[in-house]
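Student: Sharing a structure below in structure tokens format, with a few things to ask.
Number of protein chains: 2
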Amino acid sequence: MASRVVVIGGDAAGMTVAAGLRRRLSTHDEVVVLERGTWTSYSACGIPYWIAGDVGSPEDLVARTPAEHLANGIDLRLGTEATGFDPIARTVSIQDGKTLTYDRLVIATGAEPVRPDLPGIHGDNIYGVQSLDDGQAVIDALARKPKHVVVVGSGYVGLEIAEACVARGFDTTVIEQAPTPVSIVEPVLGEMIAEAMRGQGIKLIVNTGVTGFALDADGRVSAVTTAMDEVAADLVILGLGVTARSALAEAAGLPLGVKGGIVVDEHQRVEGFDGIWAVGDCVVTKDRVTGDLIHLPLGTHANKQGMVAADNIAADVLGEAATLAFPGVVQTSITKFCSLEISRTGLGEKQARDAGFDPVVVSIETTNFAGYMPDPGTMTVLMVADRASRRLLGAQIVGAEDAALRVDVAATALAAGMTVDDVVMLDLAYAPPFSSVWSPILVAARAARKALDG
Amino acid sequence: MASRVVVIGGDAAGMTVAAGLRRRLSTHDEVVVLERGTWTSYSACGIPYWIAGDVGSPEDLVARTPAEHLANGIDLRLGTEATGFDPIARTVSIQDGKTLTYDRLVIATGAEPVRPDLPGIHGDNIYGVQSLDDGQAVIDALARKPKHVVVVGSGYVGLEIAEACVARGFDTTVIEQAPTPVSIVEPVLGEMIAEAMRGQGIKLIVNTGVTGFALDADGRVSAVTTAMDEVAADLVILGLGVTARSALAEAAGLPLGVKGGIVVDEHQRVEGFDGIWAVGDCVVTKDRVTGDLIHLPLGTHANKQGMVAADNIAADVLGEAATLAFPGVVQTSITKFCSLEISRTGLGEKQARDAGFDPVVVSIETTNFAGYMPDPGTMTVLMVADRASRRLLGAQIVGAEDAALRVDVAATALAAGMTVDDVVMLDLAYAPPFSSVWSPILVAARAARKALDG
């Protein structure tokens, strides 16, 4: 009997499910995708590079166009916003008042930028950056030659957009509530990032919460206000992170976790609801180190979850056993600020303490290749380990060329539950153009071992 | 009661043991190192870069000088060659006829270049490259402006030295017995290396075994002879690998494995001999994937083994429990040929088959960062997996900037015994300047999974 899968949301996660299903199911089975916008399968992570001018057009950020999806047999409906769904009747309501029945439903509604409820937040020229349309709005705003760009928040996106703005010659200020930028790395590394930001001409204001936005007579932003001061601004970009876009799920009574993320099992099934899966930036996912459910919106997870959901839905439709499960994440992330590479995985010190570990934190500085080779750069590797179990809990890197990707070794070690003693003995690649005889991760693991030994 | 540890050999492995012991033992305990040459603690891996001119002098390759070791309280005796030892009497004989008693003995005699017993092999201007003195000899030979340099063998060292010679403007030929260079990577990758070598102006002759060396009337090499041909040569560099320098160990009846490597346990103790440890290029070590003992001379293993031996000897002296063990290796290695990066870990197809696995081999090509970023390079990742267990068995990479170090993820996964399914789900770092949303190792693991699924 033919069945119908309806997917709400046509970006990375949703389209990965749809494409995966199209490969597995018969042509009698319908795969419908409802996308309220006009874009599909795009890289939100690439938006800052588009703003910077490294990427020429939004089309370049699109992995697969609507036309390609349609040609693949997906019933993709652009400009079609789902306004609700009924898990019992198995129907989705659409903005035109129509309803669509489904046998299986996939929620892939993504995330939306945090817009705190502050005075003036709804003024003009204040943008979050999450969708290609957001990116276009910022590019258009920059084309109007703002005198003062203020980025609120200094996570990766804030940092990347500040870099793009200052590189394009705009007066750029970043306001950060925490004592150092990029608060997902430890302050000792954050200081290095602060220095690099100031070195590029960015005005960095730390320890400062934004209290509101001053608007001119036309409703356009003219300044960002803080407890201490007022910072002139005719373009404001919000880099305060995102929350799950899960209003539809909430209205239907689905279980929600932190930041509104929908709670799913390892097959991306919504717990307690038959025939509903959720994937991507709208779900919470398991942290493999702590076992906690966290909200970690990233394209790489969206793609894996989409793959898992497609496998499980196809198995469900075909009456086969599912083969894939999503094991969760270890909070790996990476970015670059000019030539400074930044990465992290696992838990920071506070996260570790909050999770009930007794963390030991070490940091080492080393060259990024053998010290006798010409012009070695340097990097700082910070490592967090648990005193009792000696387990690796996390690693963070800030440094020059060839520094940050080394965090992947720690990410792999975390997935395997290795101790720092195990990490010290890893057989990592060594040759003078790539590392010293003790590669940076090993140097940090030795320091962690030493700290654990007293 | 004071004890005496005697270490034979003062390069990386031996001096790591000596320095580790000096930190742990009391000043009453003697740590004696017998080094037949004049250098200590140097990076043999750096020699090709010294020959290339990237490194200014041999002193730059020395991590710690004899003076530093002496200042640390190590009784270092340069120019002192051990000629034998007696495991029962616990004595070492020295070239001057004297003997030295020991309580504990460490053998760290290193490796020596393979010099096949071919006609003319003892002619002048034919060099192996293993020690700093060898490096100096090659540099001196190049200063005499040879007309034709021939490198025999195309392992990493052969490749690195050929690159150095051609970069310095010398006519350079590489003769390789196998169909493709760098036979520790699969032929499909070897072809890429061959192309890069020829692109740099190296004359590469493959499928060709060397049968001897023609010498002129003064005993200097004038040509390298093969079954087919004669290749003019007034400087020959042997890049045929190394064997353990274990004649002393053999004479004393110690157990030897492949390539003459001394057999040791995970504490670097020589099996069946009380009070004798061996470390570095003169030992065989466990392959963690197959469990076999292999000879894998690399500075990174020498350093780890030296650390383990120092810990175990110190524990033995102090009557404490040893804390460290060397778990073995996964055959990770890396090099660079001009801008082409090359790395591998684990087993190749033939190695896997020989070890009793049923290998599935896949290779994928991908960009080294998001395809929409400016000027992405490409890389090929080859992956080997076991059909029955789905275990990852090996990975190999050839590609542009930022390609080769990614092999460390596979090396870590091998140490953890992961399946390719586990690897697909690793939370690896993703951001447009560093990788696509599926990072290259994950793309390869997906291809391997697909091949396993039939």
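Protein sequence lines correspond, in order, to chains A and B. One point on numbering: in the numbering used here, the residue at position 375 of the first sequence is 375, and numbering is uninterrupted. For any residue, its number in the numbering used here is found by taking its place in the second sequence, counting from 1, and adding 1000. Beta carbons: idealized from backbone N, C-alpha and C, even for Gly.
(1) What separation, rounded to the nearest whole angstrom, lies between the Cα atoms of A309 (chain A) and A1415 (chain B)?
(2) With burial defined as no fewer than 16 other Cβ atoms inside 10 Å of the residue's Cβ, what is the status of Q1095 (chain B): buried or exposed?
(3) List the DSSP bridge partners of R344 (chain A).
(4) What residues of chain A sit near F1170 (chain B), judged by a beta carbon separation below 7 Å?
(5) Any C-beta of chain B within less than 9 Å: which residues of the stretch 24 to 48 of chain A qualify?
(6) Below 8 Å, can you find three or more Cβ-Cβ pairs linking the stretch 1391 to 1400 of chain B to the stretch 1175 to 1195 of chain B?
(7) Identify the contact partners of P1359 (chain B) in chain A, using a Cβ-Cβ distance below 9 Å as the criterion.
(8) Quick test of the definition: if touching needs 3 or more C-beta pairs under 8 Å, does the stretch 1350 to 1368 of chain B touch the stretch 22 to 39 of chain A?
(9) Measure from the alpha carbon of I202 (chain A) to the alpha carbon of each residue in A:T173, A:G328, A:L21, then state which is nearest.
(10) Just to confirm the assignment, what range does the alpha helix (DSSP H) spanning P1440 (chain B) have?
(11) Which first and last residues belong to the beta strand (DSSP E) in which Y127 (chain A) is found?
(12) Where does A1067 (chain B) land, buried or exposed, given buried means 16+ other C-beta within 10 angstroms?
(13) Scan the stretch 357 to 422 of chain A and note each continuous beta strand (DSSP E) run of 3 residues or more that stays entirely inside, going in chain order.
(14) Give me the Cα-Cα distance between D133 (chain A) and D216 (chain A), rounded to the nearest whole angstrom.
(15) Grab the span of the alpha helix (DSSP H) containing W1050 (chain B) for me, first residue to last.
(16) In the structure shown, what three-state DSSP assignment does P113 (chain A) receive?
(17) May I ask you to list, following chain order, the residues of the stretch 300 to 315 of chain A that have a beta carbon less than 7 Å from some beta carbon of chain B?
(18) For L452 (chain A), decide whether its Cβ has a neighbour in chain B, counting only Cβ atoms nearer than 8 Å.
(19) State whether the stretch 221 to 234 of chain A contacts the stretch 203 to 213 of chain A, with contact taken as three or more CB pairs (one from each stretch) at a distance under 8 Å.
(20) Within the same chain, show all residues whose beta-carbon is closer than 7 Å to that of I1161 (chain B), passing over the 5 residues directly before and after it, in chain order.
(21) Would you mind giving the Cβ-Cβ distance between V1206 (chain B) and V1114 (chain B), rounded to the nearest angstrom? I have them listed as a contact below 8 Å.
(22) How big is the Cα-Cα spacing for D1316 (chain B) and P181 (chain A)?
(23) With DSSP collapsed to three states, give me the class of E59 (chain A).
(24) Which same chain residues, not among the five before or five after H267 (chain A), have their C-beta less than 7 Å away from its C-beta?
(25) Between M1373 (chain B) and chain A, is the shortest Cβ-Cβ distance under 8 Å, so that the two count as touching?
(26) Quick check: what's the CA-CA separation for T1208 (chain B) versus I74 (chain A)?
(27) Report, in whole angstroms, the separation of the C-beta atoms of V1017 (chain B) and G1306 (chain B), which I expect to be a contact under 8 Å.
(28) How would you call A1388 (chain B), buried or exposed, if buried means at least 16 neighbouring beta carbons within 10 angstroms?
(29) Of all the options A:A164, A:A247, A:L340, which has the alpha carbon lying nearest to the alpha carbon of G53 (chain A)?
(30) Indicate the three-state DSSP secondary structure (helix, strand or coil) for D1134 (chain B) in the structure shown.
(31) Once the 5 residues before and after P255 (chain A) are set aside, which same chain residues still bring their CB inside 8 Å of it?
(32) Given a cut-off of 8 Å on the beta-carbon distance, is the pair V1360 (chain B) and P1440 (chain B) in contact?
(33) Are the stretch 432 to 448 of chain A and the stretch 1441 to 1449 of chain B touching, with three or more C-beta to C-beta distances below 8 Å?
(34) For T1027 (chain B), report the span of its alpha helix (DSSP H) as first-last.
(35) Taking its Cβ as the centre, do 16 or more other Cβ atoms sit within 10 Å of K1098 (chain B), making it buried, or is it exposed?
(36) Going by Cα to Cα distance, which pick from A:G199, A:L100, A:W277 is closest to R77 (chain A)?
Tutor: Quick look at the numbers:
(1) What you label residue 309 (chain A) is simply residue 309 of the first sequence in a count that begins at 1. What you label residue 1415 (chain B) is simply residue 415 of the second sequence in a count that begins at 1. If I take the Cα positions, the gap works out to 30 Å.
(2) The residue given as residue 1095 (chain B) occupies position 95 in the second sequence. Under this definition Q1095 (chain B) is an exposed residue.
(3) For the purposes of this step, residue 344 (chain A) is identified with residue 344 of the first sequence, where counting begins at 1. Answer is A:S333, A:Q396, bridged to R344 (chain A).
(4) Taking the first residue of the second sequence as position 1, residue 1170 (chain B) is located at position 170. Within 7 Å Cβ-Cβ: nothing; F1170 (chain B) doesn't reach chain A, min ~21 Å.
(5) S43, C45, G46, P48
(6) yes
(7) The residue given as residue 1359 (chain B) occupies position 359 in the second sequence. The premise fails here: P1359 (chain B) is roughly 20 Å from chain A at the closest Cβ pair, so nothing lies under 9 Å.
(8) no
(9) Sequence index remark: in the first sequence, residue 202 (chain A) carries index 202 (1-based). Checked all of A:T173, A:G328, A:L21; the closest Cα to I202 (chain A) is A:T173.
(10) As a position in the second sequence, residue 1440 (chain B) is number 440, starting the count at 1. Run containing P1440 (chain B): 1440 to 1452, per the alpha helix (DSSP H) assignment.
(11) Within the first sequence, the letter at position 127 stands for residue 127 (chain A). From DSSP, the beta strand (DSSP E) with Y127 (chain A) extends over 126 to 128.
(12) For the purposes of this step, residue 1067 (chain B) is identified with residue 67 of the second sequence, where counting begins at 1. Burial call: exposed.
(13) 359 to 367, 378 to 386, 392 to 399
(14) Residue mapping note: residue 133 (chain A) aligns to position 133 of the first sequence, counting from 1. Residue mapping note: residue 216 (chain A) aligns to position 216 of the first sequence, counting from 1. Roughly 25 Å separates the two Cα atoms.
(15) Position 50 of the second sequence, counted from the first residue, corresponds to residue 1050 (chain B). Unbroken alpha helix (DSSP H) run through W1050 (chain B): 1047 to 1052.
(16) Locating residue 113 (chain A) in the first sequence gives position 113, where the first residue counts as 1. Three-state result, P113 (chain A): strand.
(17) T300, N303, K304
(18) In the first sequence, counting from the first residue as 1, residue 452 (chain A) sits at position 452. No, because no Cβ of chain B sits closer than 8 Å to the Cβ of L452 (chain A).
(19) yes
(20) By 1-based counting over the second sequence, the position of residue 1161 (chain B) is 161. Once the five neighbours on either side are set aside, the close Cβ partners of I1161 (chain B) are P1048, I1051, V1129, V1151, I1237, G1239.
(21) Your numbering for residue 1206 (chain B) matches position 206 in the second sequence. Your numbering for residue 1114 (chain B) matches position 114 in the second sequence. About 19 Å; that fails the 8 Å criterion.
(22) The residue labelled residue 1316 (chain B) in the question sits at position 316 within the second sequence. The residue labelled residue 181 (chain A) in the question sits at position 181 within the first sequence. Rounded to whole angstroms, D1316 (chain B) to P181 (chain A) spans 49 Å at the Cα level.
(23) Taking the first sequence and counting its residues from 1, one reaches residue 59 (chain A) at position 59. Note: E59 (chain A) maps to helix in three-state DSSP.
(24) Here residue 267 (chain A) refers to the residue found at position 267 of the first sequence. Closer than 7 Å at the Cβ level, and outside the excluded window around H267 (chain A), lie V308, N312, A322, A325.
(25) Position 373 of the second sequence, counted from the first residue, corresponds to residue 1373 (chain B). True, the Cβ-Cβ gap to chain A drops below 8 Å.
(26) Here residue 1208 (chain B) is taken as the residue at index 208 of the second sequence, counted from 1. Here residue 74 (chain A) is taken as the residue at index 74 of the first sequence, counted from 1. Their Cα atoms are separated by approximately 56 Å.
(27) Counting from one through the second sequence, the residue named residue 1017 (chain B) turns up at place 17. Counting from one through the second sequence, the residue named residue 1306 (chain B) turns up at place 306. Right, their Cβ atoms sit about 5 Å apart.
(28) As a working note, residue 1388 (chain B) is residue 388 in the second sequence. By the 10 Å Cβ count, A1388 (chain B) comes out exposed.
(29) Walking along the first sequence from the start, residue 53 (chain A) turns up at place 53. Ranking the options by Cα distance to G53 (chain A), first place goes to A:A164.
(30) The residue you call residue 1134 (chain B) lines up with position 134 of the second sequence. It is helical.
(31) Walking along the first sequence from the start, residue 255 (chain A) turns up at place 255. I262, V263, V270, E271, G272, listed in sequence order.
(32) As a first step, residue 1360 (chain B) is located in the second sequence; it is residue number 360 there, counting from the start. As a first step, residue 1440 (chain B) is located in the second sequence; it is residue number 440 there, counting from the start. Contact: no.
(33) no
(34) As a working note, residue 1027 (chain B) is residue 27 in the second sequence. It is not in any alpha helix (DSSP H) - T1027 (chain B) carries neither H nor E in the DSSP assignment.
(35) In the second sequence, residue 1098 (chain B) corresponds to position 98, counting from 1. Exposed, because fewer than 16 other Cβ atoms sit within 10 Å of the Cβ of K1098 (chain B).
(36) In the first sequence, the residue the question calls residue 77 (chain A) occupies position 77. Nearest C-alpha to R77 (chain A): A:L100.
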